[in-house]
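Below is one structure, written out as C-alpha cells, with a few remarks after it.
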Amino acid sequence: MMAGTTAFLLLVSVVLTACTPHVGAGHGFSVEFIHRDDARSPYHDPALTAHERVLAAVRRSTARAAVIARSCVGGVADADAPAPSGDGVVTGVVSRPFEYLMAVNVGTPSTRMLAIADTGSDLVWLNCTDDLDLSPSRANGKNVPPPVLFYPANSTTFALVGCESGACRALQDASCTPANNCRYLYSYGDGSRTSGLLSTDTFTFDEGRSDDATLRVAKVNFGCSTQNVGTFPADGLVGLGGGALSLVTQLGNDTSLGRRFSYCLVPYSVNASSALNFGARAAVTDPGAATTPLVQSEVEAYYTVELESVKVGNSTFEPHRSSAIVDSGTTLTYLDRGVLDPLVEELTKQIKLPRAESPEKLLPLCFDVSGARDGQVEATVPDVTLQLGGGAAVTLKPENTFVVVQEGTMCLALVAVSEQQPVSIIGNIAQQNMHVGYDLDKRTVTFAPADCATSYPAPHTSV
Numbered sequence: 313m314m315a316g317t318t319a320f321l322l323l324v325s326v327v328l329t330a331c332t333p334h335v336g337a338g339h340g341f342s343v344e345f346i347h348r349d350d351a352r353s354p355y356h357d358p359a360l361t362a363h364e365r366v367l368a369a370v371r372r373s374t375a376r377a378a379v380i381a382r383s384c385v386g387g388v389a390d391a392d393a394p395a396p397s398g399d400g401v402v403t404g405v406v407s408r409p410f411e412y413l414m415a416v417n418v419g420t421p422s423t424r425m426l427a428i429a430d431t432g433s434d435l436v437w438l439n440c441t442d443d444l445d446l447s448p449s450r451a452n453g454k455n456v457p458p459p460v461l462f463y464p465a466n467s468t469t470f471a472l473v474g475c476e477s478g479a480c481r482a483l484q485d486a487s488c489t490p491a492n493n494c495r496y497l498y499s500y501g502d503g504s505r506t507s508g509l510l511s512t513d514t515f516t517f518d519e520g521r522s523d524d525a526t527l528r529v530a531k532v533n534f535g536c537s538t539q540n541v542g543t544f545p546a547d548g549l550v551g552l553g554g555g556a557l558s559l560v561t562q563l564g565n566d567t568s569l570g571r572r573f574s575y576c577l578v579p580y581s582v583n584a585s586s587a588l589n590f591g592a593r594a595a596v597t598d599p600g601a602a603t604t605p606l607v608q609s610e611v612e613a614y615y616t617v618e619l620e621s622v623k624v625g626n627s628t629f630e631p632h633r634s635s636a637i638v639d640s641g642t643t644l645t646y647l648d649r650g651v652l653d654p655l656v657e658e659l660t661k662q663i664k665l666p667r668a669e670s671p672e673k674l675l676p677l678c679f680d681v682s683g684a685r686d687g688q689v690e691a692t693v694p695d696v697t698l699q700l701g702g703g704a705a706v707t708l709k710p711e712n713t714f715v716v717v718q719e720g721t722m723c724l725a726l727v728a729v730s731e732q733q734p735v736s737i738i739g740n741i742a743q744q745n746m747h748v749g750y751d752l753d754k755r756t757v758t759f760a761p762a763d764c765a766t767s768y769p770a771p772h773t774s775v
C-alpha cells in the first residue's frame, strides 16, 4: 500500500473467439472478442434496445464489482463462499458476471467450444465428459443453446496429467487419484467451483479463411471439468493471467510468441467485434502510447499498476486508497470518494448541459442531451487524465467517461466505492478505443488511443 497512489489490479476478464497464423509466426495472431450482447452471442436478447443493454451492463457491473471486492479484501476467497475440500484451490477470481466470449477448438478432431476468457485467473478449463456425470451448467435462458461438452475419448491427442508433473504442482493443494492422475477443485470469488482431472490436448486457433491461417499448439494443459457448483454461463473458461497454467504463459513457453497480449475494445455503439492479439501483434506502438510498470498485486493473478492522480482541466485529485482493478469484465469505473467527489463537482461546473435523473439511481451524474446539437456533447465534456506510475498519462475521452443509458440521458460511468465494495476498478467503458498491451516478460502495461474498429478489426469466425 503506497500513500498517495493507487495500485490498479488489472483483472481483464475478456472473452474471445479464435483465429491465428502458424506456430512461431513472427507476426503473432489475433482473436475475436464477442461481447455478450453482440448479435452473434447466444446471450444476445433481441427484445432489448441498445440503451437497455447498456443499463443491464451497469447492473452486472455493480454485482461483479462487489464480488471482486470480497475477493481482494478477503485475500483470495469470497467471504461467503463455502470452504473447499482439502484437495481444492481457492482463488480470488470471479467467473461471473462476464462481458466477453471466446471460441476455442480443442482436440483431434477438434470440438469448438464457447468460453469466458479471464486475465484474473490462470487455469484453462472446459466442460468435459467421457460418459461421466456432468450436469450442464450454462444458464438456459431464452435463446441460449445447451452447453457443448468435450468428449476426451473422441480425441486422439488427449492425455491425462500425472500428480508429479509441474502443471499439477502449479495447482495448489491438487490431489491424486488412485491411478496417480491430477485432480483439481478450483473455486471462484463468487462461490462457484469446478472440478475434474488436469489434462492435455491440442488447441487450434484458426481464422476460418484457409488451412494456412491456423495455429496448432500441442499438449496444452487444461482442466477437464466434470462437476460444477454454481452457474457458469459458457462451455468453460480460459485463464489469461500470469501464472504457469494460463494460456498466455503456455503459448509463450510452447511457441515463439512470448508472454504478451493486447486488446482493443470497440465502443458499445459500434456494430463491430473487438480484437485480442498475441505475440508480435500485441506490441502497442500507436502514437501517444504510454507504458507503466506492473507492480505487485494483492491477488497474485491480477495485473497491478499505480494510479498517482486523476486530472480534469487544471484540477488534480490524488486517491486515498491504494487498491484498484482495471477489468474488462466490469462496465463501470469505481474510484474512492477522495477522487470521485471533487471530480464530479468539477465536471458539473464545466459541462454546460441540463441535469437529468439517473435511471434507478445507479449513476452519480446525468445530463439531458435530448436537445444537444451534433458535436455539442463532445465539445462540452472535458478529458479526464489518469497519471500512472513511471510517468504514463492515459487520457479518457468523453466516450470513456460518459454513456447514454436511455434515450436523451447521458450519465457519468464513474461511481464511488463503498464500505461494502471498497476496491477501485477501471472498467471497460474507460478502455474503449484504446489499444492496451500487456508484456508479462517485461512486466509492463501500455495504453494508446486507437480507433479499434478501423485500426484493429477483429477477424470473423463462426461462433
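End of the sequence shown sits at 775 in my numbering; the numbers just go up one at a time, nothing left out.
The beta carbon of each residue, even a glycine, is placed where N, CA and C say it ideally should be.
- If you compare the alpha carbons of Gly-340, Tyr-498, Arg-528 and Ala-362 with that of Gly-720, the shortest gap goes to Ala-362.
- The C-beta separation of Tyr-750 from Phe-470 comes to about 30 angstroms, leaving the pair out of contact by the 8 angstroms criterion.
- In this chain, the alpha helix (DSSP H) harbouring Asn-712 covers 710-713.
- Beta-bridge analysis with DSSP links Lys-623 to Thr-628 and Thr-697.
- The Cβ atoms of Asp-434 and Ala-704 do not sit closer than 8 angstroms to each other.
- In the DSSP secondary-structure assignment, Phe-679 is bridged to Arg-667 and Met-722.
- For the options Asn-493, Thr-468 and Glu-711, the alpha carbon positioned closest to that of Gly-478 is the one of Asn-493.
- Residue state for His-363 is assigned as helix, using DSSP reduced to three classes.
- For the options Ala-595, Val-622 and Ala-636, the alpha carbon positioned closest to that of Val-611 is the one of Ala-636.
- Taking C-beta atoms under 8 angstroms as the contact rule, Ser-537 and Ser-558 fail to qualify, at a distance of about 17 angstroms.
- According to the DSSP secondary-structure assignment, Pro-761 is paired through a beta bridge with Met-746.
- The Cβ-Cβ distance between Thr-604 and Gly-702 falls below 8 angstroms.
- Burial is judged here by how many other beta carbons sit within 10 angstroms of a residue's own beta carbon; Asp-648 has at least 16 and is buried.
- By the neighbour-count definition (other C-beta atoms within 10 Å, threshold 16), Gln-732 is an exposed residue.
- Pairing Pro-734 with Arg-633 gives a Cβ-Cβ distance under 8 angstroms.
- Between Gln-744 and Val-578, the C-beta gap is smaller than 8 angstroms, which places the two residues in contact.
- Of the other Cβ atoms in all chains shown, fewer than 16 fall within 10 Å of the Cβ of Gln-484; this residue is therefore exposed.
- Apart from sequence neighbours up to five positions away, the residues of its chain that approach Val-651 with a beta-carbon distance below 7 angstroms are Val-622, Phe-629 and Pro-631, ordered along the chain.
- Of the residues Tyr-580, Ser-730 and Glu-657, the one whose Cα lies closest to the Cα of Val-716 is Tyr-580.
- If you keep only unbroken beta strand (DSSP E) runs of at least 3 residues inside the region 500-572, you get 505-518, 526-541 and 548-551.
- Following the DSSP letters along the chain, one finds Arg-649 inside the alpha helix (DSSP H) bounded by residues 649-662.
- Beta-bridge partners of Pro-605 (DSSP): Thr-756.
- Between Thr-692 and Leu-655 the beta-carbon gap is near 16 angstroms, outside 8 angstroms, which marks them as no contact.
- In this chain, the alpha helix (DSSP H) harbouring Thr-692 covers 688-692.
- Rounded to the nearest whole angstrom, the CA to CA distance from Glu-669 to Phe-714 is 14 angstroms.
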